[in-house]
Structure formats: structure tokens, C-alpha cells
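For the record, the sequence lines run as chains A and B.
Going by the working numbering, the first sequence runs without a break in its numbering and finishes at 640.
Going by the working numbering, the second sequence runs without a break in its numbering and finishes at 640.
Number of protein chains: 2
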Amino acid sequence: MSEGGPVLRVAVLGCGSVGSQVVRLLQEQAEDLAARVGAPVELAGVAVRRIDAPREVEVPPGLLTTDAAGLVARDDVDLVVEVIGGIEPARSLILSALEHGASVVTANKALLAEDGPTLFEAAEKAGRDLYYEAAVAGAIPILRPLRESLAGDRVTRVLGIVNGTTNFILDKMDSTGAGFTESLEEAQELGYAEADPTADVEGFDAAAKAAILASLAFHTRVTASDVYREGIADVTAADVASAADIGSVVKLLAIAELNDDAVSVRVHPAMIPRSHPLASVREAYNAVFVESQAAGQLMFYGPGAGGAPTASAVLGDLVTVARNHLAGSRGVGESAYAQRAVLPMGETRTRYHVAIDVDDRAGVLATVAMAFSEHGVSIQTVRQEGRGADAQLVVVSHEATDAQLSATVEQLRGMEIVREVTSVMRVEGRDE
Amino acid sequence: MSEGGPVLRVAVLGCGSVGSQVVRLLQEQAEDLAARVGAPVELAGVAVRRIDAPREVEVPPGLLTTDAAGLVARDDVDLVVEVIGGIEPARSLILSALEHGASVVTANKALLAEDGPTLFEAAEKAGRDLYYEAAVAGAIPILRPLRESLAGDRVTRVLGIVNGTTNFILDKMDSTGAGFTESLEEAQELGYAEADPTADVEGFDAAAKAAILASLAFHTRVTASDVYREGIADVTAADVASAADIGSVVKLLAIAELNDDAVSVRVHPAMIPRSHPLASVREAYNAVFVESQAAGQLMFYGPGAGGAPTASAVLGDLVTVARNHLAGSRGVGESAYAQRAVLPMGETRTRYHVAIDVDDRAGVLATVAMAFSEHGVSIQTVRQEGRGADAQLVVVSHEATDAQLSATVEQLRGMEIVREVTSVMRVEGRDE
């Protein structure tokens, strides 16, 4: 690098598990980063809540500040990395950074899923980049492929395992036969689940990521509140065993589909065939499966969380954003919106797996089949197993609307011959 | 788009299975492409060998030309898509296009693996982009993630299944127990293998891709002739069964590793554990597994060939290159080279699986173990199975240099107590 040439100055907001790894990589990879950016990349400051808090990386004391608002407004800051998380003050800081001419890299899924358009418009107005690869599926490059590599193709469907905690729990249930509570406790002991696991277990985290994936895949605006959401707290060992019986495995999926011009975006547990590429995603790993018209089926797999993996994604964005900043150009932005309707869950087409304990007498199967047929639901397979005085019926339906399917289950629950509907779960993923 | 604004004019060289799909997508996706590029994208011309040849897409007759050299030299061509393949005339046409100020997108793995640096220098000198996502693993976005998403990380290892034909054959052998010849014939019947399957079966195709992957992953220059190469023609049903016995599967792998400052680049069949993400890559699919310091383990999966998938990758590149062309900027180029030594195969550290038919008498195991030890090779596991008058020993070694391992096998072959060394294969991939 020639002396006196341009230097890229980076402010990092937050120095927790991700922020500290970003600061570490900025220091350790300084030479490589300079070569790839085309100019030295310098740390301008690190905003923290308390100067004297313990942290995983050594920051030169002069660079630490508790005045995040002051840091992003500084003239000598070219690039802001936001890894505080949450809605405020992250949103105000990002907006201020853009207004002051900085480009921004963020890992903030909650903010993007709640109020992405406000941020994108601010970036557009400022003529700056706002990149957020780290917000979905940690280190896995998925936003860039969706936005850039598939820019000449038409994505029709995205199926993602985007929450490592729930995948760890479901994988444990599948491999050991354990129940949900026991598996959650193991995840907590191993540090895969938090003491309050609500955000993960109830699907809130996955729903935020689903909103971001749907927005990018279909060039439209989807917020977290548009996403239909069911968590995994009600998944039982019996559900998991039922899935195994039909050669499937239970996963918490984030699903975004294009149906004509509307999108359907949802997060719920579903059975997928073991031969499907997503079925082999074990433990706390994440993966995103993409179907597009020309490319066909693609999958992106990797660690979905953790300080270092997330920091890797932040640095990848940082290199591109820094190059654009130097060149005075912008990357592919979010400008090309075609606002699409979001389909209500009731109108979304899906398939159900239903296990029913019934009286073991003649005509039961016909009666149950009639209930499906009355709601316009076609049955793909039905299996009947005698169990002494009662019997179990396992029905897998063809595609129907979620409203038709749930009405069918409602009717089954009220039928005299039905002792109990023991398992209801959606089925996704053709047997590849 | 405002009338009279800029228009991006694209010349397509070649109209075979990929070229015809590129032309089709340019026409069908015109509106989406214009929105994403920021200007209309128009077909300026399509260079073909014969105007009246049958083709899969309708091209307005005025746009067809047999004068490819004249087409790339035209002033009104902004962007050249090269999908002819092979070394010449592709190289001269790309160089001429760059000299005349066009940016280039190519799917030409053979040319890039043989003479990439010449092309990269020409692009650098012309201040234009040269993108080639489609050259490796078809539709799978792998070059862009390596070059951009992981730009702030340090890649240490790439393991790829980058040839669909050989993966189809090996998968068939694994699932049916059939031999190589029979499986190759089935692949040929189904159109997965060509009448002359040499380029695929002998690993030439995978070696070209390995060279490109290694160059990008380690920011160095590796050509196809630097790549150690073994094909799959000698893989037997017994090898595949031996792999199954140790919970593994045989795959043709393209491997690029960073060892200190040298790189090791090789293509050969290897046993990998069934729990490894690459083991679940079936049929003609491709996948690239990447290990990096911060991100950890990533995998990219999808169709590795075919007209439409390859065209999807070409169009993805085209959108980025077109945006850069309009902005007068360039994407992340190949500028940051650190020329690294390529390690000879003999010095590459690897592991061997060796199956040996031996006389069933006392002391045989000790004698065989001694042969390994004399060459400095440590044994990880050994399994002995009686088979009437003789016995089989199956040895899996710890890591040693390939020279030490092959010398050990050489010595075993000459030993009196050894009837036959029935299977020798490298072992890759930790049990994940």
C-alpha cells in the first residue's frame, strides 16, 4: 500500500461474542484485508456499555468508548459494524451512521425483520451500502448467493433450518428417542440453549430469519409479523417415532414459497424424508435449501451461530462494502421491490401427517377417510395397525389448504370412533 | 427504465446446451434483469458455428453470426458471455473482448485451469471484470462465497465432489454393489456419462476444477498440471464393500489444502465416513465442503452440470458484471496473489485404508504391522478376519506422507505371507 493513500476506518458497535471476534479478525487479518480491500483497514473505535467490562479480545484503551452515537457521527469513520443486536439503540445508530456517510454491516436479524425497509431506504438515500449476511444462518453465505448468484434466476422456494438450538433438540429426540423436555435440558447443559429458551423454542428467532430470506428471495417486503409461527415445544417423542415410521425426520423449518404472485412464509415443525438433503443436517448446524427455476435445488450448510463464524460473515461483508466505499459505488441493493401479498396460513397449501387412535371395528377406516374427503382433502397413504381392542390409523394427505386440513383434524377430534388424535404434523420436501 | 438511458448489450459466444439456455433466460427474464442491473439488457449477437444448425432456443436470425471475432470487437458490445468451451478460439476471443472494452463472463473451466493468469492479467489491464462462477460445480454458488463471503476469513481446506458423472457411478456402486463397468454403462444409458468417458472417469474434469478452487481459496496460482490426479476406473466393488465395512463411502474428491505456506491439490477416490456431509451427496449432484478458521465447516450443494443450472450461474455473474460495467467499477478481482509452492503428492500427508489377503498363521498381524512401522506409518485400526485357510487384514493408518504410505504398500506386495493386497484407498474427512 502506498503511504498517504486512502485508509478505511471502521467503528465496531458492541464487543460481545461477535464483536470481540470481529475486532480480533480485524487485527489478525489486517494484511490480508488490506490486500483484498485495496487499502489498509483500521479500527476507529469500539462502542461498549462499560469500558472496564471483561472481554474476549484486547482493545487498545484509547479506542473504547461508551458514546456510540458520537462514534458513528465522526467524520473519520467510513464503515460501521453493528453487532449490538435488538431494536434500539441499534436502529438509531445505523440510521445516524448512514446519514453521516458511513456504510454499514450488521448482524441484526431482529431489527431487519422488524424494520428492514426503513434501513434500506436510508441506505438508498445516503448512497451507501447496508450489508447483513451475518443476520441469517451465521457464517453460511446465503444472502449473497440469493441476492447476487441467483439474480438471473427465479427462486420459487426456500426451506431452511435456521435455528441451531431447535435443530439440536430435535436431532437429540430423533437419535435417542428422548422427549422434548429432556432434550431441551441437555441442550441447556451443553450451552446450545439459553436459560430462557423462548426465542428459539417458540420459533421467534427462525421467524425473523424467514422474513429476511423471503424478502430477499422474492424481492418483496416481509416482516416478522407476517410470518406464521409454531414452535417445537409440543413435538412429542411419539411424533418423532411416527416420522421415523414413514422414513422421515422432524425438523423446525423456515419456509418461504412463491405461489403465483403471493408469498407464503411460515415457521413450524415438519416431517421431511430422510433422503432429503436437509434431513442430514445434524446437531446445531444450519442449512438453507433453495429451489429455483433454472438452477434447480441448491443447499447451503454450516454453523448458524457462534462468535467466530458470525464474525467471518461480518468480515466478508466488510471487504465488499469497503471496496464499494473506496470506489464510491454501491453493491446490489434492495431497490428492486415488487410488493407481493403474503398468503394467510389458512390458504397455504401443505400436507398433513395425522395419527389417530380409533376403536378397532369394521368401517372405521372408511369413516375416517370420509372426514378427509368431506373437507376436500385427498389421502396419499393410510396405514392401519391393530393394537388389541383399539387400532391406530396413520394418514398422510396430499396437498390441500391448511384450513381444509385443520378443519379435517377438528372434525376427527369430535368423532365418536376416534379415541385420540395422537399426532398432527405438516409434511414437507419431496423424497429427493 | 427511462428512455434513452444506458442499455447493456450482450454478445453470447456459443449456442449449445448452456448458450441456448443463457439466450432463453436473457429473453424470458428481461424485465427482472433490467430491474436488477439498473438498465435494460439486450442481446447484441450470438456467435455460432453454423447459422442453420438446429438449436434449443429461437434466436432472431439477424442476431446470429459465424464471425465470433468480429462480434467481440464491436463497439456496441458491453458484455461477452463465452460458453464455447475449450482452449482456442475461446482464449483469443476473451482476450479480444477485454481489449475492446467489454466485460466477460465465462463457464470455461479448461481454459481457466490451463491459463487463468493470462486472462486475469488482461482483465486487470483493461479495467474490466472477468467472472466465471459457472466454471466450477455448475449452478452452485461457490466461487463468489470463496472470493467474497470468506474474504475476511482464512480457508484451510476444500473438499469437493465436483464431477457428477463419477459421483453417479460411485453412488450406483455403493447402492447396488455393482462393479465399475456395469455402473458406467448405466450412467451412459441415462445420459450421465459420455460415450468417451475419459475426461470424467480419469479425473481430468475434476482436476481442472480443483485447480480453480485452489487458486481462489488460497489466493495463489494453480494450474491443472499442478494437480495430482487418479480416476475411478480402478475402483472395485470390493473397495466399495470395504468402505461400507468401516462405515464409509467411496467418493472422487477434489482436495485443496493449505499446509503452512504450501498448497496440496489433488483428485483421487477416497473413503469418507457416512456421517460426513459429503457422504449424503447422491447421484449426479455436486458439493463443495470448505473448512476455514473462523467460519468452521461450510458446504455448498447442488446440480454440477446441465444447460439450465449452468446458465443460472452465468446470469448471476452477468448481473453483477453488468452493474459494475454501468458504474465504471470492477468486482473483487484476482489481484491479491501470494504465489505459494505446490506440494508434491509424495510429501502430502494423508491416510490409507489397505485390505490384504494373508496366510492364516500366527504372527502374520505382527509382520504386517512391522512393515507399516518400518516406514514410519502409525496404524489407527486393524481388523483381522479368518477365511478358511487364509485371512484378511484390514488396516487403516494414521496420517503419514503419501510416499511413506505407498512404500509400505509396495513392501506388503512383496512379502511372502501376503497373498494379495486387495484394496488400497486413501481415507479423508474426519467423522463429523
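The beta carbon of each residue, even a glycine, is placed where N, CA and C say it ideally should be.
For the putative contact between residue 572 of chain B and residue 597 of chain B, defined by C-beta atoms under 8 Å, what is the C-beta separation to the nearest angstrom?
The pair is not a contact, with the Cβ atoms about 12 Å apart (cut-off 8 Å).
According to DSSP, is residue 364 of chain A part of a helix, a strand, or is it coil?
In the structure shown, residue 364 of chain A adopts extended strand secondary structure according to DSSP, grouped into three states.
At least one CB of chain B closer than 8 Å to the CB of residue 502 of chain A: is that the case?
yes
Run through DSSP, which three-state label would residue 477 of chain A get?
strand
Can you tell me whether DSSP reads residue 579 of chain A as helix, strand or coil?
helix
Does DSSP put residue 248 of chain A in a helix, in a strand, or in coil?
coil
On the CB-based measure, 16 or more other CB atoms within 10 Å of its CB, does residue 268 of chain A come out buried or exposed?
exposed
Given a cut-off of 8 Å on the beta-carbon distance, is the pair residue 501 of chain B and residue 364 of chain B in contact?
Contact annotation: residue 501 of chain B and residue 364 of chain B have beta-carbon atoms nearer than 8 Å.
Secondary structure, beta strand (DSSP E): runs of 3+ residues fully inside the stretch 359-408 of chain A:
The qualifying runs are 363-369.
Proximal residues to residue 450 of chain B (C-beta, below 6 Å), its chain only, five neighbours per side dropped
563 and 631
Can you pull the chain A neighbours of residue 348 of chain B, defined as C-beta to C-beta under 7 Å?
506
Note the first and the last residue of the continuous beta strand (DSSP E) segment covering residue 266 of chain B.
Looking at the DSSP string, residue 266 of chain B is not in any beta strand (DSSP E), and its letter there is neither H nor E.
Name the chain D residues whose beta carbon is nearer than 7 Å to that of residue 535 of chain B?
Given the protein chain composition of this structure (A and B), no chain D is represented.
Using only alpha-carbon positions, find the residue among A:581, A:601 and A:579 that is nearest to residue 569 of chain A.
That would be A:601, whose Cα lies nearest to the Cα of residue 569 of chain A.
Candidates A:483, A:489 and A:615: closest to residue 490 of chain B by CA position
A:483
Would residue 457 of chain A and residue 487 of chain A be called neighbours here (beta carbons separated by less than 8 Å)?
In contact: residue 457 of chain A and residue 487 of chain A (Cβ atoms closer than 8 Å).
Closest to residue 520 of chain A by C-alpha separation, out of B:407, B:499 and B:516, would be which residue?
B:499
Can you tell me where the alpha helix (DSSP H) holding residue 517 of chain A begins and where it ends?
Boundaries of the alpha helix (DSSP H) around residue 517 of chain A: 515-535.
If we ignore side chains and look at the alpha-carbon of each, how far apart do residue 465 of chain A and residue 609 of chain B end up?
50 Å
Would you say residue 336 of chain A lies against chain B (beta-carbon separation less than 8 Å)?
no
Positions along the stretch 471-497 of chain B whose CB lies within less than 7 Å of some CB in chain A
485 and 488
Against chain B, with Cβ distances strictly below 8 Å, would residue 272 of chain A count as a contact?
Chain B places no beta carbon closer than 8 Å to that of residue 272 of chain A, leaving this residue out of the contacts.
Between residue 358 of chain B and residue 510 of chain A, is the Cβ-Cβ spacing less than 8 Å?
no
With DSSP as the reference, please indicate the residues paired to residue 595 of chain A in a beta bridge.
Beta-bridge pairing links residue 595 of chain A to A:598.
Rounded C-alpha distance that separates residue 588 of chain B from residue 613 of chain B:
Computed Cα separation, rounded: 13 Å.
Residues of chain A with CB under 9 Å from residue 509 of chain B, in chain order?
485, 495, 497, 505, 506, 507, 508 and 509
What number of angstroms, rounded off, separates the C-alpha of residue 591 of chain B from the C-alpha of residue 633 of chain B?
16 Å
Among B:387, B:340, B:418 and B:376, whose alpha-carbon lies nearest the alpha-carbon of residue 399 of chain B?
Minimum Cα distance to residue 399 of chain B is reached at B:376.
Please work out which residues of its chain come closer than 8 Å, Cβ to Cβ, to residue 534 of chain A, disregarding the five sequence neighbours upstream and downstream, and give them in chain order.
So the qualifying residues of the chain are 214, 216, 245, 246 and 247.
Would you list the residues sitting across from residue 413 of chain B in a DSSP beta bridge?
According to DSSP, which records beta bridges pairwise, residue 413 of chain B is partnered with nothing at all.
Is there a Cβ from chain A that is less than 8 Å from the Cβ of residue 462 of chain B?
no
Taking the alpha helix (DSSP H) that residue 233 of chain A belongs to, which residues open and close that run?
225-236
Amino acids of chain B, ordered along the chain, whose beta-carbon sits closer than 9 Å to that of residue 524 of chain A
353, 356, 357, 358, 359, 360, 361 and 503
Between the Cα of residue 335 of chain B and the Cα atoms of B:295, B:625 and B:309, which residue gives the shortest distance?
B:309
Pairwise C-alpha distance: residue 360 of chain B and residue 605 of chain B:
35 Å
Skipping 5 residues on each side, what residues in its chain have a beta carbon closer than 6 Å to that of residue 555 of chain A?
609
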